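If you read the sequences in order, they're chains A and B.
Residue numbers for the first sequence follow UniProt numbering, so the first one is 1 and each next one is one higher.
Residue numbers for the second sequence follow UniProt numbering, so the first one is 1 and each next one is one higher.
Notes to accompany the following structure.
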Amino acid sequence: MYEGVVQDLIDELGRLPGVGPKSAQRIAFHLLAADADDVRRLVAALTEVKEKVRFCTVCGNVAQQEQCRICLDPRRDPSVLCVVEEPKDVVAIERTREFRGRYHVLGGAISPIEGVGPDDLRVRELMTRLADDTVQEIILATDPNLEGEATATYLARMIKPMGLRVTRLASGLPVGGDLEYADEVTLGRAFEGRRLLDV
Amino acid sequence: MSLYRDEGVVLRTQKLGEADRIVTLLTRNNGRVRAVGKGVRRTTSRFGARLEPFMHVDCQFATGRTLDIVTQAETIAPYGMSITDDYGRYTAGTAMLETAERLTAEEREPAVQQYLLLVGALRTLAGAAHDPGLVLDAYLLRGLSVAGFAPSFADCVRCDAQGPHRLFSVQAGGMVCGSCRPSGTVAPSADTVALLAALLSGDWPAADSSQPRTRREASGITAAFLQWHLERGLRSLGLVER
């Protein structure tokens, strides 16, 4: 145990995800030894992020205004909507530079064992967005794990009767992997989603 | 570091650090085991979908100080795929996994009967031959029976008076006669009692021919009975789509 504020800092750092007591102690002593200007910059960034960043009222992505920059961008195709679990998934898809439509962030996936049901996600907001005829295609880009698949199944069942095109991101073999290490589910999906080679 | 091998069903996963997961399995010989799946969240992980809930796998573990480590995993049956294809099956299956975890309170205490029951129930659920709600209720009643809380749907549980009786007592653990009647009894319909008995004994033709109203009443009684014995409610049971 350290005295007063040093211990308080270690305790606060230790509450961050992935930071154990030893790591918290190391970061605290790094900050103590760091230049005062560097620490002030960090404090300013932390304060600013809490004051300025909010969730987009349309899609639920992180934003600095009422709406995020993707929802405000008139060049984005409003007829295609990509549904993701978390704001970090938006960043991952944006990095590909393949998708020019808009997003809807659910805020998680359906996980009954954790007590998370459809009412705990932004499903109602999604249905409201689909009510007018702007959106023509929904791309379900939830994680390719069990919760993500179940969430996609649930959403597809809700959206299909509205007559919209519902698609799911392909899943299969990762680029750079060996076929012999692929598990049966992944390999099965890869066979299901095989494509014609047009050469 | 000693190695051991066992087959099991993945009950639950929790994120750990950057790309790992803590995987809880109900194994055949070692009961409930918690082990770390290293790098399992990476898309290039050699485990792939093998350590996802509902998967029936043959695993090799390395014993660790607090948690074991999954070193190898081979699929025995990928129940997860067909279960997640249907939302009703998924919610019912999740309630089964949570029940199995709760009925095996102690880690590493062998629970072969619970393991075999869960594997059978998941196989039935994935096969989609019966209504998911019925499969769930049958599993819950049989799981409780294996754990030592077998309900009686015929004779009075207090005085053994021969049935059929009209009243069901959750606290007493089954049907009770008029003279033994404790407080808080319910009077389910004769069809509901017959359905509960069919689910407990595995009489699927009788269970499949039951009416939706009877199924609703039977699932309410099963849930109350489960909650009484587990002492704490199941989080997933409220989200089961019936």
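The beta-carbon is built from N, C-alpha and C at its ideal position, and this holds for glycine as well.
All values reported here derive from a predicted model rather than from experimental measurement.
Sort the options by Cα distance to residue i and report the nearest one.
{"i": "residue 119 (chain B)", "options": "B:8, B:189, B:146", "result": "B:8"}
{"i": "residue 208 (chain B)", "options": "B:136, B:3, B:131, B:18", "result": "B:131"}
{"i": "residue 152 (chain A)", "options": "A:108, A:52, A:7, A:11", "result": "A:108"}
{"i": "residue 168 (chain B)", "options": "B:227, B:213, B:188", "result": "B:188"}
{"i": "residue 186 (chain A)", "options": "B:26, B:81, B:71, B:39", "result": "B:81"}
{"i": "residue 216 (chain B)", "options": "B:231, B:191, B:228, B:200", "result": "B:191"}
{"i": "residue 158 (chain B)", "options": "B:146, B:164, B:147, B:177", "result": "B:177"}
{"i": "residue 65 (chain B)", "options": "B:164, B:154, B:2", "result": "B:2"}
{"i": "residue 6 (chain B)", "options": "B:38, B:115, B:206, B:143", "result": "B:115"}
{"i": "residue 158 (chain A)", "options": "A:72, A:123, A:90, A:101", "result": "A:123"}
{"i": "residue 79 (chain A)", "options": "A:35, A:169, A:133, A:114", "result": "A:133"}
{"i": "residue 77 (chain B)", "options": "B:134, B:112, B:50, B:198", "result": "B:50"}
{"i": "residue 74 (chain A)", "options": "A:172, A:36, A:102", "result": "A:102"}
{"i": "residue 116 (chain A)", "options": "A:95, A:94, A:70, A:85", "result": "A:85"}
{"i": "residue 148 (chain B)", "options": "B:23, B:226, B:235", "result": "B:226"}
{"i": "residue 140 (chain B)", "options": "B:14, B:97, B:4", "result": "B:97"}
{"i": "residue 134 (chain B)", "options": "B:183, B:214, B:47, B:32", "result": "B:214"}
{"i": "residue 93 (chain A)", "options": "A:199, A:169, A:176", "result": "A:169"}
{"i": "residue 184 (chain B)", "options": "B:221, B:46, B:203, B:161", "result": "B:221"}
{"i": "residue 88 (chain B)", "options": "A:110, A:67, A:161", "result": "A:110"}
{"i": "residue 195 (chain B)", "options": "B:99, B:84, B:110, B:153", "result": "B:153"}
{"i": "residue 22 (chain A)", "options": "A:10, A:106, A:66", "result": "A:10"}
{"i": "residue 61 (chain B)", "options": "B:25, B:17, B:90", "result": "B:25"}
{"i": "residue 197 (chain B)", "options": "B:45, B:155, B:28, B:234", "result": "B:155"}
{"i": "residue 106 (chain A)", "options": "A:51, A:2, A:87", "result": "A:87"}
{"i": "residue 235 (chain B)", "options": "A:114, A:128, A:196, A:160", "result": "A:114"}
{"i": "residue 172 (chain A)", "options": "A:160, A:180, A:189", "result": "A:189"}
{"i": "residue 167 (chain A)", "options": "A:20, A:136, A:120", "result": "A:136"}
{"i": "residue 7 (chain A)", "options": "A:28, A:18, A:66, A:41", "result": "A:28"}
What did DSSP end up calling residue i once you bin it into helix, strand or coil?
{"i": "residue 77 (chain A)", "result": "strand"}
{"i": "residue 58 (chain B)", "result": "strand"}
{"i": "residue 98 (chain B)", "result": "helix"}
{"i": "residue 179 (chain B)", "result": "coil"}
{"i": "residue 77 (chain B)", "result": "strand"}
{"i": "residue 23 (chain B)", "result": "strand"}
{"i": "residue 103 (chain B)", "result": "helix"}
{"i": "residue 190 (chain A)", "result": "helix"}
{"i": "residue 318 (chain B)", "result": "The first residue shown for chain B is 1 and the last is 242, placing residue 318 (chain B) beyond what the model contains."}
{"i": "residue 4 (chain B)", "result": "strand"}
{"i": "residue 169 (chain B)", "result": "strand"}
{"i": "residue 86 (chain B)", "result": "coil"}
{"i": "residue 14 (chain B)", "result": "strand"}
{"i": "residue 162 (chain B)", "result": "coil"}
{"i": "residue 191 (chain B)", "result": "helix"}
{"i": "residue 184 (chain B)", "result": "coil"}
{"i": "residue 33 (chain B)", "result": "strand"}
{"i": "residue 176 (chain A)", "result": "coil"}
{"i": "residue 238 (chain B)", "result": "helix"}
{"i": "residue 64 (chain B)", "result": "coil"}
{"i": "residue 4 (chain A)", "result": "helix"}
{"i": "residue 199 (chain A)", "result": "coil"}
{"i": "residue 40 (chain B)", "result": "coil"}
Can the beta-carbon of residue i be found less than 8 Å from the beta-carbon of residue j?
{"i": "residue 19 (chain B)", "j": "residue 42 (chain B)", "result": "yes"}
{"i": "residue 49 (chain A)", "j": "residue 55 (chain A)", "result": "no"}
{"i": "residue 10 (chain B)", "j": "residue 36 (chain B)", "result": "no"}
{"i": "residue 139 (chain A)", "j": "residue 164 (chain A)", "result": "no"}
{"i": "residue 95 (chain B)", "j": "residue 112 (chain A)", "result": "yes"}
{"i": "residue 200 (chain B)", "j": "residue 242 (chain B)", "result": "no"}
{"i": "residue 117 (chain B)", "j": "residue 79 (chain B)", "result": "no"}
{"i": "residue 175 (chain B)", "j": "residue 186 (chain B)", "result": "no"}
{"i": "residue 144 (chain B)", "j": "residue 229 (chain B)", "result": "yes"}
{"i": "residue 224 (chain B)", "j": "residue 170 (chain B)", "result": "yes"}
{"i": "residue 156 (chain A)", "j": "residue 89 (chain A)", "result": "no"}
{"i": "residue 30 (chain B)", "j": "residue 108 (chain B)", "result": "yes"}
{"i": "residue 45 (chain A)", "j": "residue 48 (chain B)", "result": "no"}
{"i": "residue 34 (chain A)", "j": "residue 84 (chain B)", "result": "no"}
{"i": "residue 44 (chain B)", "j": "residue 174 (chain A)", "result": "yes"}
{"i": "residue 76 (chain A)", "j": "residue 100 (chain A)", "result": "yes"}
{"i": "residue 28 (chain B)", "j": "residue 112 (chain B)", "result": "yes"}
request  = State whether the segment 142-160 of chain A contacts the segment 47-58 of chain B, with contact taken as three or more CB pairs (one from each stretch) at a distance under 8 Å.
outcome  = yes
query = Which whole runs of the alpha helix (DSSP H) in the segment 120-157 of chain B are 4 residues long or more, in chain order?
reply = Taking only runs of at least 4 residues, the alpha helix (DSSP H) segments lying wholly in the segment 120-157 of chain B are 132-146.
message = Ignoring anything shorter than 4 residues, give me the alpha helix (DSSP H) runs that lie fully in the segment 7-84 of chain A, in order along the chain.
response = 21-33, 36-52, 69-72
message = Report the start-end ranges of each beta strand (DSSP E) in the UniProt domain "Toprim" (79-174) of chain A that is 3 residues or longer and not cut off at the edges.
response = 101-105, 137-140, 165-168
Entirely enclosed alpha helix (DSSP H) segments - the segment 197-225 of chain B, minimum 4 residues = 204-208
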